[in-house]
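In this note's numbering, the protein residues as written are 147 to 260.
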């Protein structure tokens, strides 16, 4: 367990990280296939986060918002700030790929192997 990360969750970088391309194509033998897998996973993560955020913010929606209510709603602002601080979906997807946490298959490769 990491001292800076008291939970058992893997640490995901919160900014730009230089990656060795040879690490990314080890599992697929094709860097482009690896990038497609990671990008599809990043889209899934992004969609899940967006849906979750919209559900939480829909509780605050009202038919007649006035300017005072919009500026005074601290809880809504805190929720938005929380989601802004989350690691980017792309970074999470790359880390999951490197940690073998993404299930993927390539039907074209499977057909060639038969």
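Built from N, CA and C at the ideal position, the CB exists for glycine as well.
Source: prediction; values computed, not measured.
Practice task
Could you tell me the boundaries of the alpha helix (DSSP H) in which residue 243 lies?
Solution key: 235 to 244
Practice task
Using the Cα positions of residue 258 and residue 185, report the straight-line distance between them to the nearest angstrom.
Solution key: 24 angstroms
Exercise for the section: For the alpha helix (DSSP H) holding residue 182, just list the boundary residues, first then last. Expected result: 177 to 204
Practice task
Can you give me the Cβ contacts of residue 165 inside the same chain, cut-off strictly under 8 angstroms, excluding the 5 residues immediately before and after it?
Solution key: 240
Problem - Cβ pair residue 237, residue 158 closer than 8 angstroms - result: yes
Exercise for the section: Along the alpha helix (DSSP H) that carries residue 227, what are the first and last residues, could you check? Expected result: 220 to 231
Practice task
Please classify residue 149: does DSSP put it in a helix, a strand, or coil?
Solution key: Low confidence applies to residue 149: its pLDDT is 45, below 50, so where it sits in the model is not reliable, and the reading given next is rough at best. Residue state, collapsed to three classes: coil.
Exercise for the section: Compare the C-alpha of residue 247 against each of 178, 183, 167 and name the closest. Expected result: 183
Problem - Supposed contact pair residue 203 and residue 225 - C-beta distance, whole angstroms, cut 8 angstroms - result: 7 angstroms
Problem - Pairwise C-alpha distance: residue 235 and residue 188 - result: 5 angstroms
Practice task
Give the DSSP-derived three-state secondary structure of residue 251 in the structure shown.
Solution key: coil
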